[in-house]
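Numbering (my numbering), first residue to last: 1 to 182. Ideal placement from N, C-alpha and C gives every residue a C-beta, glycine not left out. These figures come from a predicted structure and were not determined experimentally.
Put into structure tokens, the structure is as follows:
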């Protein structure tokens, strides 16, 4: 690390330049450390346990059987029937992967390439095009603006929790088992 810092500062004697570079590195490492702490803090927060993930409560159809074992009828709000991956049509699996996550079999719960693309498009391109996320001043916000800001914060925390759960599921189940549970 020291060699990298020496390399970046070689050839410059301007103390203001050196100070700016040092502060930039502190911000980068501080942001990274804060993100790691937030991620680990959320992983120990109010998330579903592995047992709850293994046994989700889903509304399955109730079946009424005759004495001979024949199904007489089904009663349901949502007509759900548990299936194994082998029972799924390969076309259904291909359609799910093509529409939802093309790199499904190539990542372990979090698609960092897609995440980078989303961050690039939402942050950098909107600024370049002159679009702003907030149209109201932050001082004297209306309740709507405050609510919108808090909703964005909640969405970020929710997304982090989803990532943690996705990683847990990827460790516990195969990709095919996860597809069968959808």
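Under the three-state DSSP convention, the category residue i falls into
i: residue 69; result: coil
i: residue 155; result: helix
i: residue 102; result: coil
i: residue 81; result: coil
i: residue 136; result: Confidence at residue 136 is low in this model, with a pLDDT of 43, below 50, so the placement of that residue is unreliable and no value is reported for it.
i: residue 173; result: coil
i: residue 19; result: helix
i: residue 95; result: helix
i: residue 141; result: For residue 141, the pLDDT reaches just 43, beneath the cut-off of 50, and the residue's location in the model is therefore unreliable, although a value from the coordinates is still provided. Three-state DSSP puts residue 141 in coil, outside helix and strand.
Short Cβ contact (8 Å threshold) for residue i with residue j
i: residue 166; j: residue 109; result: yes
i: residue 75; j: residue 66; result: no
i: residue 97; j: residue 91; result: no
Residues near residue i in its chain [Cβ-Cβ closer than 7 Å; skip 5 each side]
i: residue 183; result: Past the boundaries of the shown model lies residue 183; the chain is included only from 1 to 182, so the question cannot be answered.
i: residue 123; result: none
Spatially closest choice to residue i from the options, by CA coordinates
i: residue 157; options: 38, 111, 89; result: 38
i: residue 22; options: 2, 33, 40, 117; result: 2
i: residue 168; options: 51, 96, 29, 113; result: 51
i: residue 100; options: 88, 126, 87, 114; result: 114
i: residue 178; options: 88, 16, 40; result: 88
Neighbourhood of residue i by C-beta distance below 6 Å, restricted to the same chain and skipping five residues each side
i: residue 176; result: 85
i: residue 170; result: 108, 109
i: residue 73; result: 64
i: residue 173; result: none
Close beta carbons around residue i, own chain, < 8 Å, minus the five adjacent residues each side
i: residue 71; result: 63, 64, 65
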